[in-house]
Each structure stands twice: as structure tokens, then as C-alpha cells.
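In this note's numbering, the protein residues as written are 514 to 855.
Even for Gly, the Cβ is constructed at its ideal location relative to N, Cα and C.
In this text, all values refer to a predicted model and were calculated from it rather than measured experimentally.
Below: the structure, in C-alpha cells.
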Amino acid sequence: MRYDNEQVRAAAEQLRGKFESLEEKQAIRRAPELTALYEQIKTMSPEKRASFGKEVNALKDEVEGWIKDHNLPTLKRPAIDVTAPLDFNSSKPELLPTELGSRHPLMSELEKIIDIFVRMGFAAVESRQLDDDYHMFTSLNFAQDHPARDDYDTFLTHEGLIAPAHTSTMQNRVLKQYKSNLQAGRAISAVIAGRVFRNEDLDARHEHTFYQLEGLYVGKDINAGNLMATLKIFLEEYYGQALEVKTQPFYFPFTEPSFEFALSCPFCKKKGCNICSYSGWIELLGCGMIHPNVLKEAGIDPAVYTGFAWGGGIDRLVMMKNGIEDVRNFHSGNLNFLRQFS
Ligand code: DAH
514 MRYDNEQVRA AAEQLRGKFE SLEEKQAIRR APELTALYEQ IKTMSPEKRA SFGKEVNALK
574 DEVEGWIKDH NLPTLKRPAI DVTAPLDFNS SKPELLPTEL GSRHPLMSEL EKIIDIFVRM
634 GFAAVESRQL DDDYHMFTSL NFAQDHPARD DYDTFLTHEG LIAPAHTSTM QNRVLKQYKS
694 NLQAGRAISA VIAGRVFRNE DLDARHEHTF YQLEGLYVGK DINAGNLMAT LKIFLEEYYG
754 QALEVKTQPF YFPFTEPSFE FALSCPFCKK KGCNICSYSG WIELLGCGMI HPNVLKEAGI
814 DPAVYTGFAW GGGIDRLVMM KNGIEDVRNF HSGNLNFLRQ FS
């Protein structure tokens, strides 16, 4: 765009070189170069005002155009074929400006959760997205044809590798990795976060891909009271309020005894609301005392050491906290959904 008026031309030149980021672009609407021109319109004689005002308006339209171009729906980029073989000689794909991105709500929440556990002395480990039968079942005390295997129906590769249905697949590795802590007189304490997969019929509450956080604590004289206290302290810190917790008996092959763990509803303080289905309690996760066979399998003597473990979904915590009704939003790539959390 060429401007006839010298002042408008100078202002346009100034403004064009002025921004890097989207915030700067948006701020340009209130740039001193523009406001000075507007101020000037007011002081002009009616004859001059018409043509000058027209030019200033054209510049304003140009500026609006830059801002609009930075809005995702109008940003056109050639599609990236993710299935194409990687060619190091091809030019780099044109990506959207990074300032338009935002953290995924699952990841920002996970960071807060891990931060609390790290402050409580837990190591943070990431789980794998492809595993084997040994870590998925055998190391966790699932007998070969035990029906509990059916509760973890997930996806297999042609080679027989497993997309893990829970983060418990990491227990054996983490116990072995930190075993030396025990010899040094310290406990094993770790949280393991990661993506897990299940062969589910999808609906608002069920996704084939979601996130879990596993916790492990092994030492001398560790009991279920330690488990309850650890989870209670975490949840009170996370929700920033005093909470009640309770358990009921459950079954997992890798814990004995096994529990289902519930907390008093932090949203209605047990009065009853739609988040806790008017029961005042939220059943949050599975947990228990680590089965002696699981410890043995990692080379830890269950006669000397005991420990507790838990595993629970992260998606649900984030949904409850933010009033998200459909779990499928998380992996939808729907920018309107994601931008609410930016
Ligand atoms: N892995 C279980 C599941 O996804 C949850 C679980 C239960 C994890 C008990 C544990 C545990 O570590 O001790 O259903």
C-alpha cells in the first residue's frame, strides 16, 4: 500500500518494522504513530480532513490486516504429510508462529502435580509408550491366563509390543533402578507420569489415550497408613483445602491388600454436587501395598522391605477442576478448546 500523504507514509513505515510477536501486533492498534494521526484529524480544516482521514483509515485497515493474518483460522500453511519419508534435503516445513501456541491443559496440570510430589521428596520418571508383556503383566504378578489381564485391553503392534494400558508397567524398572537407595538406608520414592492406552468404546468419559500418574514408595516398616497420609497431603496441597479420604477394598494382582481410594468432594465440601454425583465423595484411584511377588521380581526382599503404590488418571483431575465435560476434547486438536487455557 502506497500512501500519498507524507505523514501517513512515514507512520506506515515506522509501524511496518515495529513488531515481532502477536502481542506487539495487537498493541499496534494503540501505537503512538497511529494515535498522533487520529489527533491530527481533529484539528484539520474540513477540506483537508477528508483526504487525510481516508489515508489514515487505509493505514488502520492495513494494520488490522496484519493482526488478522496472525489469527490461526486465516493463517494458511501447506499441509505437512507426516507419513512421508524424512528428507533432510527438503526445506523446513512452514510452521505456525510459536506465539500462537499455548500449553496443553493436561501438561500444565501435570507439571503442578509433579511439582508437589518433587517437593515431598519423590523422583519424577516418565513412562514409555511402547512396552512388552513382561512389564505389562508378568512383572506385576499377573498369572499367565489370569482374567484380570482382560481389564487391560489395549493395542498391540504386529511384533507383539504393547501400548501400555497403565503406568504400572514402569514399576519393575523403577524398583530396580532405585534399589540401591535401600542398601544406602533410604527409601525408594518415585512418581511416574505417562500416556496410557485402552481399547475403549469412546464416549464423553472414555478415551483410548489418556494420562496416568503412578506412585511408588518402598522402605522399612512402610504401611497403608503411610499410603493414606501421602495421598491426603498431596490432595490437600493440590486443592488448597483440608480434605477427608477413605478407602474400600479392591483387587489388583500387583497389590495386597488393594484399595480404591476416595476423597471428600473439594468442590461442594461433601454437600453434594454434579461433580461428585451428589455423593459427597470422589473415587479417584487404585492403590495398595505392593505385592511381595512384585518386590521379589525386582530383586527386593519382601521380608525386609514393604511399600505402597498408586495409579490414577490425570485427565479426570483436569476435567473436574475446569468443568470439562468431554474427555475427547483433550486430543481433538480443537484450537477453540485449547485456547481457553492459554
Ligand atoms: N494400574 C492400575 C490401573 O490402571 C491402577 C493402580 C492400582 C496402580 C493399584 C497401582 C496400584 O500402582 O498399586 O487400573
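> So which of 676, 519, 838, 761 has the shortest CA-CA distance to residue 568?
Replying inline: In terms of Cα proximity to residue 568, the closest of 676, 519, 838, 761 is 519.
> Under the DSSP definition of a beta bridge, which residues are partnered with residue 517?
Replying inline: According to DSSP, residue 517 bridges with nothing at all.
> How do the stretch 610-621 and the stretch 635-650 stand: do at least 3 beta-carbon pairs fall below 8 Å, yes or no?
Replying inline: no
>> Under DSSP, the beta strand (DSSP E) around residue 730 begins and ends at which residues?
In response: Membership of residue 730 in the beta strand (DSSP E) is indicated by the continuous run 722-732.
> Is residue 852 helix, strand or coil by DSSP?
Replying inline: helix
> Under 7 Å from any heavy atom of the ligand DAH, does the C-beta of residue 823 make it?
Replying inline: yes
> Near residue 842, which residues of its chain fall below 6 Å by C-beta distance, leaving aside the five closest residues on each side in sequence?
Replying inline: 850
> residue 801: beta carbon under 7 Å from a heavy atom of the ligand DAH?
Replying inline: yes
>> In this structure, how does DSSP classify residue 777 when only helix, strand and coil are distinguished?
In response: strand
> Helix or strand or just coil, what does DSSP make of residue 719?
Replying inline: Three-state DSSP puts residue 719 in a strand.
>> For residue 586, which residues in the same chain have their Cβ closer than 6 Å to its Cβ, ignoring the five residues on either side in sequence?
In response: Because residue 586 sits at a pLDDT of 43, beneath the cut-off of 50, its placement in the model cannot be relied upon, and the point is left open.
> Is it the case that the Cβ atoms of residue 769 and residue 719 are separated by a distance below 8 Å?
Replying inline: Taking 8 Å as the Cβ cut-off, residue 769 and residue 719 do not qualify as a contacting pair.
>> Measuring alpha carbon to alpha carbon, tell me which residue in 763, 710, 808 is nearest residue 796.
In response: 763
> Ends of the beta strand (DSSP E) at residue 868?
Replying inline: Beyond the ends of the chain as shown, which are 514 and 855, falls residue 868; an answer cannot be given.
> Do you know offhand how far residue 593's Cα is from residue 614's?
Replying inline: 17 Å
>> Less than 8 Å between the beta carbons of residue 801 and residue 792, yes or no?
In response: no
>> Between which residues of its own chain and residue 739 is the CB-CB distance below 8 Å, once the five residues before and five after are set aside?
In response: 730, 821
> From residue 576 to residue 609, what does the alpha carbon distance come to, in whole angstroms?
Replying inline: 20 Å
>> Is it buried or exposed, residue 709, if we count other Cβ atoms within 10 angstroms and call 16 or more buried?
In response: buried
> Which of helix, strand or coil does DSSP assign to residue 639?
Replying inline: strand
> Contact check, residue 661 vs residue 668 under 8 Å by CB: the rounded distance?
Replying inline: Not confirmed; about 18 Å, so no contact.
> What do you reckon, are the CB atoms on residue 722 and residue 705 nearer than 8 Å?
Replying inline: no
> Nearest CA to the CA of residue 776: which residue from 748, 654, 545, 629?
Replying inline: Distance check between residue 776 and each of 748, 654, 545, 629 places 748 closest, using alpha-carbon atoms only.
> Is residue 635 near the ligand DAH, with its Cβ less than 7 Å from a heavy atom?
Replying inline: no
> From residue 742 to residue 750, what does the alpha carbon distance come to, in whole angstroms?
Replying inline: A straight line joining the alpha-carbon of residue 742 with that of residue 750 spans about 12 Å.
> Would DSSP call residue 670 helix, strand or coil?
Replying inline: DSSP places residue 670 in coil when its eight states are reduced to three.
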